[in-house]
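**Student:** One structure is given below, represented as structure tokens, and several questions about it will come after.
Numbering (the working numbering), first residue to last: 1 to 292.
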């Protein structure tokens, strides 16, 4: 049985991965920012040397997309320099690195799903810092899997789009949601299950970049509509009476978002032998668990 080190176990994805590792009886060690100071690069490397894992799953990240425009140094520390240190350490001990990246490495100007080979062109500090992390991994080691994902939500963690919509739906009667940004939501449970499947498929032949999101495409407005429809059917009390589509220009943010960031999941589906579940199906399952 492979020994797995999970870094970033307190985040919404990290908690999901840890729960699954526990459920499947895997040999693993988990650490979060409380047990491993990610600001101390040398400490990260020595920690990995001491643990001697066969596989490192890195779920740690700086994900405050808008705040990153002001906290540039912090974003690059966590998303680039920390990742570089992890990659160096895994190279030295001969272990595999599974790392999570983002659709924000693309500029969102496509009209077809992005493949892993498409040119990157991040428009935000967050996207640039995540791309720098990807490039550091590729430079440091040849035993890696980078999984780009998008629109991540789940039961765990402080906040995500689904949780935010549920709160706003109870607090407001009218709500405007952006309808001209298109992507694919990703449930943390589906992503966590894919990551553990990847752990069983690791080889230098399979090393590289992969895209994973739930199947299907929607706008943020479509996603919000589905959240309210499904939560209402589950008996969740809503104050909301009107949900209207708005444009990105009507809801300006410090960081530029991709207008179209659908990721092709063909490559990872070929590796795992199945396509990811549809986003609406997974949303329903998540809400059934979260609202029960």
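Note that the Cβ used here is the ideal one computed from N, Cα and C, for glycine as well.
Identify every residue that forms a DSSP beta bridge with residue 99.
**Tutor:** Counted from its first residue, the chain shown places residue 99 at position 99. DSSP, once it has assigned bridges, lists 58 and 146 as partnering residue 99.
**Student:** In whole angstroms, give me the CA-to-CA distance for residue 56 and residue 23.
**Tutor:** Counting from 1 along the chain shown, the entry for residue 56 is found at position 56. Counting from 1 along the chain shown, the entry for residue 23 is found at position 23. Near 18 Å, if we compare the C-alpha coordinates of residue 23 and residue 56.
**Student:** May I ask you to list the residues that DSSP assigns as paired with residue 242?
**Tutor:** Reading the chain shown from its first residue, position 242 is the one you call residue 242. Answer is 174, bridged to residue 242.
**Student:** From the beta carbon of residue 145, is the nearest beta carbon of chain C less than 8 Å away?
**Tutor:** Structure shown: chain C not included; a single protein chain is present.
**Student:** Do you know offhand how far residue 81's Cα is from residue 175's?
**Tutor:** Counted from its first residue, the chain shown places residue 81 at position 81. Counted from its first residue, the chain shown places residue 175 at position 175. Rounded to whole angstroms, residue 81 to residue 175 spans 39 Å at the Cα level.
**Student:** Residue 214 and residue 179: beta carbons closer than 8 Å?
**Tutor:** Taking the first residue of the chain shown as position 1, residue 214 is located at position 214. Taking the first residue of the chain shown as position 1, residue 179 is located at position 179. No.
**Student:** Measuring only the C-alpha atoms, how far is residue 49 from residue 7?
**Tutor:** One-based indexing of the chain shown puts residue 49 at position 49. One-based indexing of the chain shown puts residue 7 at position 7. Between residue 49 and residue 7, the C-alpha separation is close to 14 Å.
**Student:** Tell me whether the beta-carbon of residue 212 lies closer than 8 Å to the beta-carbon of residue 265.
**Tutor:** Translated into the one-based positions of the chain shown, residue 212 becomes position 212. Translated into the one-based positions of the chain shown, residue 265 becomes position 265. Yes, these two residues count as a Cβ contact at 8 Å.
**Student:** List the endpoints of the continuous beta strand (DSSP E) containing residue 211.
**Tutor:** The residue labelled residue 211 in the question sits at position 211 within the chain shown. Note, residue 211: beta strand (DSSP E), 208-211.
**Student:** What's the gap between the Cα of residue 149 and the Cα of residue 14?
**Tutor:** As a working mapping, residue 149 is identified with position 149 in the chain shown. As a working mapping, residue 14 is identified with position 14 in the chain shown. One C-alpha to the other measures close to 14 Å.
**Student:** From residue 263 to residue 286, what does the alpha carbon distance come to, in whole angstroms?
**Tutor:** For the purposes of this step, residue 263 is identified with residue 263 of the chain shown, where counting begins at 1. For the purposes of this step, residue 286 is identified with residue 286 of the chain shown, where counting begins at 1. Whole-angstrom Cα-Cα distance: 22 Å.
**Student:** Taking the alpha-carbon positions, what's the residue 203 to residue 152 distance?
**Tutor:** As a working mapping, residue 203 is identified with position 203 in the chain shown. As a working mapping, residue 152 is identified with position 152 in the chain shown. One C-alpha to the other measures close to 27 Å.
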